[in-house]
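*Asks:* Heads up: the sequence shown at position 250 corresponds to 249 in numbering that gives the first Met the number 0, and the numbers run straight through without jumps.
Backbone N, C-alpha and C fix where the C-beta goes; we use that ideal spot for every residue, glycine too.
The structure that follows is given in the form of structure tokens.
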Amino acid sequence: MMMEDVNSLKRMVSALEEQAASIESQFHDYCDMKEQESTYQKMQIMCLGMKLEQLESQNQRLEAAAAEIRASAEEFATMRARFDAMQSKSKKIWKKNKQDLDAIDERVLALDAREAEMATRCQGFEQFMEEMKQLTLQLQKEKGTNNENVEVIVERSMRKLGSSGRDVLDGLEALRDRWAADMEEMIYLGWITAWLQHDLLVLDGGEVGTPAAIIGDETPAQPRHKGEKVVVAVAPSNEVELCKAASASSSSSSEMRGAAEPSCMMGFVAGGCTSIGRPRLLRRLRGWAGGKGGSSRRQCKIEFPTSPM
Numbered sequence: 000m001m002m003e004d005v006n007s008l009k010r011m012v013s014a015l016e017e018q019a020a021s022i023e024s025q026f027h028d029y030c031d032m033k034e035q036e037s038t039y040q041k042m043q044i045m046c047l048g049m050k051l052e053q054l055e056s057q058n059q060r061l062e063a064a065a066a067e068i069r070a071s072a073e074e075f076a077t078m079r080a081r082f083d084a085m086q087s088k089s090k091k092i093w094k095k096n097k098q099d100l101d102a103i104d105e106r107v108l109a110l111d112a113r114e115a116e117m118a119t120r121c122q123g124f125e126q127f128m129e130e131m132k133q134l135t136l137q138l139q140k141e142k143g144t145n146n147e148n149v150e151v152i153v154e155r156s157m158r159k160l161g162s163s164g165r166d167v168l169d170g171l172e173a174l175r176d177r178w179a180a181d182m183e184e185m186i187y188l189g190w191i192t193a194w195l196q197h198d199l200l201v202l203d204g205g206e207v208g209t210p211a212a213i214i215g216d217e218t219p220a221q222p223r224h225k226g227e228k229v230v231v232a233v234a235p236s237n238e239v240e241l242c243k244a245a246s247a248s249s250s251s252s253s254e255m256r257g258a259a260e261p262s263c264m265m266g267f268v269a270g271g272c273t274s275i276g277r278p279r280l281l282r283r284l285r286g287w288a289g290g291k292g293g294s295s296r297r298q299c300k301i302e303f304p305t306s307p308m
């Protein structure tokens with residue numbers, strides 16, 4: 000009986016030892032699990048800290064990138080506004096350039112038309128000058144022939160002077176008539192030349208001055224007084240020089256002739272008259288050639304220099 004109790008007790012002790020060993024092993028397992036859990040939590044905390052640091056650095060990078068993006072956006076807005084201003088300015092400049100180009104094209108067309116018109120007028124003027132040269136040559140030839148005829152008439156008159164005084168007077172009258180006609184042609188030729196030179200100066204845009212400046216005289220025109228007459232000299236260049244000479248003619252004839260001369264000269268300067276009127280000099284020449292001039296009237300000094308042509 001005692002042995003059975005001892006055996007049962009031994010069995011109970013062994014069972015308790017086994018149970019204690021299992022409990023101890025479970026405790027060791029539990030401690031290991033607790034250590035592993037704490038280690039896992041530490042590892043998780045470390046991972047979360049590293050992730051937080053990574054997120055913070057990423058946030059900083061994103062904030063820097065956002066600041067750069069905002070600065071770029073502001074710069075882009077500024078550049079866009081500047082671009083819009085430059086575009087509007089370029090449109091205005093382009094529009095103005097287009098208007099300027101159109102105006103330049105119109106001016107070029109006008110200048111081309113003006114040039115064509117000037118070329119046509121210059122051609123006509125050259126034709127007029129050629130005709131004037133031909134007329135001058137013809138007149139010079141006729142002048143030489145008339146001079147020879149005058150010499151012949153003078154010789155014949157001198158030969159017949161002793162026989163008949165009437166023949167001498169007739170010859171002198173014919174000489175005066177012929178000389179007056181030649182002088183009238185020469186004066187008309189000089190006036191036409193001066194008028195053509197005046198037209199050329201007007202067409203070229205030159206200033207129109209006094210009659211002396213138009214005809215070619217460099218001295219300023221002096222005012223004429225009552226009782227003066229004009230002396231004309233035909234130069235080789237077909238220009239007419241106007242000078243003054245005192246006259247002792249009667250007051251009535253001076254007033255009548257003085258009233259006609261300014262009107263012709265004013266019409267010549269203004270360019271309004273369509274034809275060149277006969278000056279007072281022609282009437283005096285006709286009167287002198289016809290023997291109407293008195294002894295108190297001075298003779299007109301008319302020079303015919305030799306022409307280089």
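Can the beta-carbon of L188 be found closer than 8 Å to that of L134?
*Replies:* It is a contact, given that the beta carbons lie within the stated cut-off.
*Asks:* Closer than 8 Å, CB to CB, is I68 near chain C or not?
*Replies:* Here chain C cannot be found, since the structure has a single protein chain.
*Asks:* Report yes if the CB atom of M117 is closer than 8 Å to the CB atom of T192, and no otherwise.
*Replies:* No. Outside cutoff.
*Asks:* Using 10 angstroms around the beta-carbon of I92, count the other beta-carbons present and answer buried if the total reaches 16, otherwise exposed.
*Replies:* Classification of I92: exposed, given that the 10 Å Cβ count is below 16.
*Asks:* If we ignore side chains and look at the alpha-carbon of each, how far apart do H27 and S21 end up?
*Replies:* Near 10 Å, if we compare the C-alpha coordinates of S21 and H27.
*Asks:* Determine whether the beta carbon atoms of L202 and R113 lie at a separation below 8 Å.
*Replies:* Contact flag unset, no.
*Asks:* Going along the chain, which unbroken runs of the alpha helix (DSSP H) with 4 or more residues stay wholly within the segment 44-122?
*Replies:* Counting only runs of 4 or more, we get nothing.
*Asks:* Within this structure, are the beta carbons of M182 and L138 separated by less than 8 Å?
*Replies:* Going by C-beta atoms, M182 is not nearer than 8 Å to L138.
*Asks:* Mind reading off the beta-carbon distance from F124 to L199? Whole number of angstroms is fine, and I expect it under 8 Å.
*Replies:* The pair is a contact, with the Cβ atoms about 6 Å apart (cut-off 8 Å).
*Asks:* Taking only the alpha-carbon atoms, compute the straight-line gap between A65 and N58 and give it to the nearest angstrom.
*Replies:* Going from the Cα of A65 to the Cα of N58 covers about 10 Å.
*Asks:* Please report how far the alpha carbon of L61 lies from the alpha carbon of N96, in whole angstroms.
*Replies:* Looking at the two C-alpha atoms, the distance is approximately 50 Å.
*Asks:* Rounded to a whole number of angstroms, what is the C-alpha to C-alpha distance between L110 and F127?
*Replies:* Going by the C-alpha atoms only, they are around 25 Å apart.
*Asks:* Taking only the alpha-carbon atoms, compute the straight-line gap between L171 and A115 and give it to the nearest angstrom.
*Replies:* Rounded to whole angstroms, L171 to A115 spans 54 Å at the Cα level.
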